[in-house]
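Participant: Each residue of the sequence shown is one higher than the one before, starting from 1 at the first, in the UniProt record's numbering. We put the CB at the ideal spot given by N, CA and C, even for glycine. Nothing here was measured: the structure is a model prediction, and the numbers come from that model. Once you've had a glance at the structure underneath, I'll fire off some questions.
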Amino acid sequence: MTAAPLISVLLPVYNAEPYVGAAIQSILRQDYGGLEVIAIDDGSTDRSLEILERCRRDDSRVSIISRENRGLVASLNEGLQVARGELVARMDADDFAYPWRLSRQAALFAARPELGFCGSVVDLLLHGRIARGRLDPVFRLALPVLSKFFTIFMHPTVIYNRRVIGEADLRYDGAYRHAEDFDLFRRLADRYPAAMIEESLLVYRVHAGSVTSRHTGDMRRTHLRIVAENLERDGLAEESEDLRAIGDQVSFDTVARAAAFMRALEERIAALPDTTRPSFEAGALNLFYFLYQLVNDEEQPALTHELLTLTAKWNAIRRREKYALSPGAWAPWLSHVSMWAGKRADGLAYRLKSAPAASVLAPYRMGAA
Numbered sequence: 001m002t003a004a005p006l007i008s009v010l011l012p013v014y015n016a017e018p019y020v021g022a023a024i025q026s027i028l029r030q031d032y033g034g035l036e037v038i039a040i041d042d043g044s045t046d047r048s049l050e051i052l053e054r055c056r057r058d059d060s061r062v063s064i065i066s067r068e069n070r071g072l073v074a075s076l077n078e079g080l081q082v083a084r085g086e087l088v089a090r091m092d093a094d095d096f097a098y099p100w101r102l103s104r105q106a107a108l109f110a111a112r113p114e115l116g117f118c119g120s121v122v123d124l125l126l127h128g129r130i131a132r133g134r135l136d137p138v139f140r141l142a143l144p145v146l147s148k149f150f151t152i153f154m155h156p157t158v159i160y161n162r163r164v165i166g167e168a169d170l171r172y173d174g175a176y177r178h179a180e181d182f183d184l185f186r187r188l189a190d191r192y193p194a195a196m197i198e199e200s201l202l203v204y205r206v207h208a209g210s211v212t213s214r215h216t217g218d219m220r221r222t223h224l225r226i227v228a229e230n231l232e233r234d235g236l237a238e239e240s241e242d243l244r245a246i247g248d249q250v251s252f253d254t255v256a257r258a259a260a261f262m263r264a265l266e267e268r269i270a271a272l273p274d275t276t277r278p279s280f281e282a283g284a285l286n287l288f289y290f291l292y293q294l295v296n297d298e299e300q301p302a303l304t305h306e307l308l309t310l311t312a313k314w315n316a317i318r319r320r321e322k323y324a325l326s327p328g329a330w331a332p333w334l335s336h337v338s339m340w341a342g343k344r345a346d347g348l349a350y351r352l353k354s355a356p357a358a359s360v361l362a363p364y365r366m367g368a369a
């Protein structure tokens, strides 16, 4: 009988004192026995290191690297260098894994040893409540194509298979800071098989201090840069500056240029073979939604109205949003009121549908039995 592979769990930590205890305990309490936790303290100035050291004293499977702040990319690459496992799992210091996470993913690699990496669905933790995740049907399309348009997996759900992925390929690139996962996944998916597990294996914590929340602007600019590189490489875009410009500044000019880019892209995709066209169409629609969110976050309804009109995508948004944004060109104040009411309704619906988080979090608090 083949022994179960060792799983190395990479846990980069920077000023995560309120959360890191729950994160690391959720890994140590996995129902999968063969694991090591590599915690990289990236120059934290709070009590994160103290909490990690307490965990190391209590469990020999924990090792700690602590040094000055170098950033997430450096921490991840450092962890990859010292990891001993045949499988390498990612984990964020502000999330927590369900007890069966690693065993489910290890079972997938055992059944499909050719896989290079996999991810899973996640549940979301927001304002103390859990929102159950669901698999988007788009993930039943070609992942190598989808990976050109968006980050196909939530980063902390990913496990890499070092028996399949070449050592030179499994490295994060600092040139794509704040979207380093998007860059790595697109490169890996182009060369190695990938899979999505249709089950929530992790709870992703949404809060103002998360990396995603703190670096939204940089992340969006880098995201558009990666998409542009992919489309140029595939011959689906001759010049990507019109797509990248909107990441630097949202204005009527950049909205018009991005809309023209989208129309030209859709024309090229329409000419692709039937075997690949649906996946590229889904990717392009995701790119539109990315631009829609980027513009909508400016809270200038006239700009969002312009994007929807120039891309002919009014039917791609929810009916309530359509009604709210329709007067955006001539009565922005009315759109503002309608959008505010819509957000309040979404928040109420979320609170009614979400499960209380306390029962899920309780076993992972430091000191819990």
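(1) Would you say the region 267-279 touches the region 287-296, given that touching needs at least three Cβ pairs under 8 Å?
(2) In this structure, how does DSSP classify residue 219 when only helix, strand and coil are distinguished?
(3) When burial is assigned at 16 or more other CB atoms within 10 Å of the CB, is residue 203 buried or exposed?
(4) Which class does residue 16 belong to by DSSP, given the choice of helix, strand or coil?
(5) With C-beta atoms as the reference, is residue 44 less than 8 Å away from residue 14?
(6) Considering residue 262, what are the terminal residues of the beta strand (DSSP E) in which it resides?
(7) Is it a yes or a no for the region 69-86 touching the region 29-40, going by three-plus beta-carbon pairs under 8 Å?
(8) For the beta strand (DSSP E) holding residue 199, just list the boundary residues, first then last.
(9) Rounded to whole angstroms, what is the Cα-Cα separation between residue 220 and residue 247?
(10) Compute the Euclidean distance between the alpha carbons of residue 184 and residue 145, then round it to the nearest angstrom.
(11) Taking a contact to mean a Cβ-Cβ separation below 8 Å, would you say residue 116 touches residue 164 in this structure?
(12) Considering only the alpha carbon of each residue, which of 199, 196, 216 and 227 lies closest to residue 187?
(13) Figure out for me which residue from 319, 160 and 223 has the closest Cα to the Cα of residue 194.
(14) Comparing alpha-carbon positions, which option in 314, 104 and 324 lies nearest residue 198?
(15) Return yes when the Cβ of residue 268 is within less than 8 Å of the Cβ of residue 236, no when it is not.
(16) Do residue 326 and residue 201 have their beta-carbon atoms positioned less than 8 Å apart in this structure?
(17) Can you tell me whether residue 205 is buried or exposed, with buried defined as 16 or more other CB within 10 angstroms of its CB?
(18) Measure the C-alpha to C-alpha separation of residue 332 and residue 300 and round it to an integer number of angstroms.
(19) Under DSSP, the beta strand (DSSP E) around residue 292 begins and ends at which residues?
(20) Going straight from the alpha carbon of residue 225 to that of residue 241, what length do you get?
(21) Are the beta-carbon atoms of residue 62 and residue 10 separated by less than 8 Å?
(22) Are the beta-carbon atoms belonging to residue 243 and residue 258 less than 8 Å from one another?
(23) Secondary structure at residue 334, three-state DSSP: helix, strand or coil?
Facilitator: A quick look at the data gives this:
(1) no
(2) helix
(3) buried
(4) coil
(5) yes
(6) No beta strand (DSSP E) contains residue 262, which is instead part of the alpha helix (DSSP H) from 252-270.
(7) yes
(8) 194-205
(9) 6 Å
(10) 14 Å
(11) yes
(12) 227
(13) 160
(14) 104
(15) yes
(16) no
(17) buried
(18) Below a pLDDT of 50, predicted positions are generally treated as unreliable, and residue 332, at 48, falls in that range; the measurement from the model is reported next regardless. Computed Cα separation, rounded: 7 Å.
(19) Unbroken run through residue 292 is the alpha helix (DSSP H), 277-296; no beta strand (DSSP E).
(20) 9 Å
(21) no
(22) yes
(23) Note that residue 334 scores a pLDDT of 40, beneath 50, so its modelled location is shaky; the value from the coordinates is reported in the next line. It is helical.
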